[in-house]
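Since the structure comes first, as structure tokens, the remarks are kept for the end.
Numbering (our numbering), first residue to last: 4 to 97.
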């Protein structure tokens, strides 16, 4: 279990998190838009329902959310390194 997963567990208190809670806390978009993005593949997050009932809430496993956060963090780090190297090069540095 990585630090992100531990932090998420401390925040939500469960390995299964309501998708709506994630949208409200992390995504900064409406629930309906988030749901559309997941279904279209624009938001790479696995959501599921425990039952097949239409009114059952969508849920997310803590490991899937943790993986998404870690992947986005790694992408940001790589982007920062790339820009840092370009900036050093532009300034005539090593």
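C-beta atoms are modelled at their ideal positions from N, C-alpha and C, and glycine is treated no differently.
query                                                                                                                                                                                              : result
State the beta-bridge partners of residue 51 as determined by DSSP.                                                                                                                                : 62
Can you tell me which of the three DSSP states residue 32 falls into?                                                                                                                              : coil
Assuming residue 13 is part of the alpha helix (DSSP H), what are its boundary residues?                                                                                                           : 6 to 15
Provide the residue(s) that pair with residue 20 in DSSP beta bridges, ordered along the chain.                                                                                                    : 63
Starting from the C-beta of residue 46, find all residues in its chain whose C-beta is less than 7 Å away, skip the five residues before and the five after it, and write them out in chain order. : 37, 40
Quick one: residues in its chain with C-beta nearer than 6 Å to the C-beta of residue 71, no 5 flanking neighbours on either side, listed in chain order?                                          : 48
In angstroms with no decimal places, state the Cα-to-Cα distance between residue 58 and residue 4.                                                                                                 : 32 Å
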